[in-house]
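Per this note's numbering, the sequence shown starts with residue 586, numbered consecutively.
Presented below is the structure to which this report refers.
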Amino acid sequence: MTALAKLLGFIVRLFPLSLVQRAGVIFGLFLFYIIPVRKKVALYNLNLAFPEKDNVWYKSVLKDCYINLGINIFELFYLPKINKKMSDELIKVNNAEIFEEGMNKGKGIILMSAHFSNWEMFAYAFPYFGLQNLNIVAKTQASEGLNKYIMELRQSSGNSIINLGLGIKEAFTKIKEGEIVSFLIDQSAHSQYAEYIKLFGISVPAFPGAVKIALRTGCELVFAYGIRKNFKYEIFVEKINTTAYDSKKDEDVNALVQLVNKKLEEVIRKYPGQWLWFHKRFKDARFD
Numbered sequence: 586m587t588a589l590a591k592l593l594g595f596i597v598r599l600f601p602l603s604l605v606q607r608a609g610v611i612f613g614l615f616l617f618y619i620i621p622v623r624k625k626v627a628l629y630n631l632n633l634a635f636p637e638k639d640n641v642w643y644k645s646v647l648k649d650c651y652i653n654l655g656i657n658i659f660e661l662f663y664l665p666k667i668n669k670k671m672s673d674e675l676i677k678v679n680n681a682e683i684f685e686e687g688m689n690k691g692k693g694i695i696l697m698s699a700h701f702s703n704w705e706m707f708a709y710a711f712p713y714f715g716l717q718n719l720n721i722v723a724k725t726q727a728s729e730g731l732n733k734y735i736m737e738l739r740q741s742s743g744n745s746i747i748n749l750g751l752g753i754k755e756a757f758t759k760i761k762e763g764e765i766v767s768f769l770i771d772q773s774a775h776s777q778y779a780e781y782i783k784l785f786g787i788s789v790p791a792f793p794g795a796v797k798i799a800l801r802t803g804c805e806l807v808f809a810y811g812i813r814k815n816f817k818y819e820i821f822v823e824k825i826n827t828t829a830y831d832s833k834k835d836e837d838v839n840a841l842v843q844l845v846n847k848k849l850e851e852v853i854r855k856y857p858g859q860w861l862w863f864h865k866r867f868k869d870a871r872f873d
């Protein structure tokens, strides 16, 4: 698998990005029509989140989701070829000054995002925005060789990876050093240490770790996401005001986790085809 991935990466980088992206569309359509991996999971999630919609709508969103995945896979292999000039042409960042203002305070930044549009592209290009490199909290792949290769792709612009298993402890250290730590907050968390919040009106477990670090350290808390438009990207950045929340109060931690997930839900409702519906987000849901 690792050798195949490296070969694909080599081939992909021989071509211009515009052609690679269109090849990603074709691959996404191939997955949708021929090998619909996790189709049942995605449809289950869509039915829970949008019970008022019909099968035609579900199929349309699912198709967009596979296309988005196909483009993401091909763009992931292309990452090492993207430089600052290409990044500037490809990505527009709104409110980038929020990061600059946060870094000037010297307390670090917790960046909360999700598996939305091409999250890999945004993280990769972050150092090209004239900001600090990211420390990305990420899960390791099952294959050691494939994991090493993907980590190399992710770090090829200067970012660092924090293993999810060591995430909170190492992230806390990086924040204390005034750096930026990025978390993806949209996967299901283990119910033993999760905060249950409402997502699409359903009680689901969510990661509280990033919020707790922000409250305990007084660092900036930022929510950001990007959308794809005609093979280009636009990133939206929003500062989350944490002054009214106390890390020692469980209800405050829960409320802040809920707030960020509510913002995520609003984005998903607006662009449902760009979220990764293949995760088992509702596997530990509590249906009241």
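Glycine included, each C-beta is placed from N, C-alpha and C at the ideal position.
Asked                                                                                                                                                                          : Found
Helix, strand or coil: how does DSSP classify Trp860 here?                                                                                                                     : strand
Run through DSSP, which three-state label would Met688 get?                                                                                                                    : helix
Taking all protein chains shown into account, do 16 or more other C-beta atoms lie within 10 angstroms of the C-beta of Glu682, making it buried, or fewer, making it exposed? : exposed
Given this structure, state the Cα-to-Cα distance separating Glu819 from Tyr709, to the nearest angstrom.                                                                      : 14 Å
When you compare each of Tyr629, Gly655, Gly715, Val646 to Lys670 by their alpha carbons, which one comes out closest?                                                         : Gly715
What ranges does the beta strand (DSSP E) occupy inside the stretch 780-840, keeping only unbroken runs of at least 3 residues that lie completely in it?                      : 780-784, 787-791, 805-814, 817-825
Please list the terminal residues of the continuous alpha helix (DSSP H) segment that includes Lys624.                                                                         : 624-634
If distances are taken between C-alpha atoms only, which option among Lys824, Glu850, Val842 comes closest to Ala795?                                                          : Val842
Pop quiz: Ile652 and Leu614 are said to be a contact at Cβ under 8 Å. What is the actual Cβ separation, rounded to whole angstroms?                                            : 7 Å
So who's on the other strand from Ile577, going by DSSP bridges?                                                                                                               : With the chain covering only 586 through 873, there is no way to say anything about residue 577.
Cα-Cα, which of Ala809, Tyr734, Gln740 is closest to Ala588?                                                                                                                   : Tyr734
Of all the options Val610, Leu633, Asn640, Tyr830, which has the alpha carbon lying nearest to the alpha carbon of Phe872?                                                     : Leu633
By DSSP, does Met697 sit in helix, in strand, or in coil?                                                                                                                      : strand
Assuming the contact rule is C-beta atoms closer than 8 Å, Pro790 and Asp869 should be a hit. Round their C-beta distance to whole Å, please.                                  : 5 Å
Does Asn640 come out as helix, strand or coil in the three-state DSSP assignment?                                                                                              : helix
If the criterion is Cβ atoms closer than 8 Å, does the pair Tyr810 and Ser645 meet it?                                                                                         : no
Measuring CA to CA, which of Cys650, Glu780, Phe808 is closest to Asp837?                                                                                                      : Glu780
Look at the Cβ atom of Asn718, then the Cβ atom of Ile747, and state whether they are nearer than 8 Å.                                                                         : no
Could you tell me the boundaries of the alpha helix (DSSP H) in which Ile620 lies?                                                                                             : Neither: Ile620 is in no alpha helix (DSSP H) and is coded neither H nor E.
I'd like to know whether the C-beta atoms of Leu800 and Tyr830 end up nearer to each other than 8 Å.                                                                           : yes
Quick check: the Cα distance between Met586 and Leu731, rounded to an integer number of angstroms?                                                                             : 7 Å
Please report the distance separating the alpha-carbon of Glu729 from that of Leu661.                                                                                          : 18 Å
Distance check for Ser741 and Leu696, CA to CA, integer angstroms please.                                                                                                      : 20 Å
State the beta-bridge partners of Val766 as determined by DSSP.                                                                                                                : Ile695, Asn720
For Lys834, tell me which candidate among Gln859, Phe863, Lys797 has the shortest Cα-Cα distance.                                                                              : Lys797
Is it a yes or a no for the stretch 624-640 touching the stretch 849-863, going by three-plus beta-carbon pairs under 8 Å?                                                     : yes
Using DSSP bridges, identify the partner residues of Asn679.                                                                                                                   : Phe821
Using the Cβ count rule (16 or more neighbours within 10 Å means buried), how would you classify Tyr713?                                                                       : buried
Once you ignore the five residues that flank Leu616 on each side, which residues in its own chain have a CB closer than 8 Å to its CB?                                         : Val622, Tyr651, Leu654, Gly655
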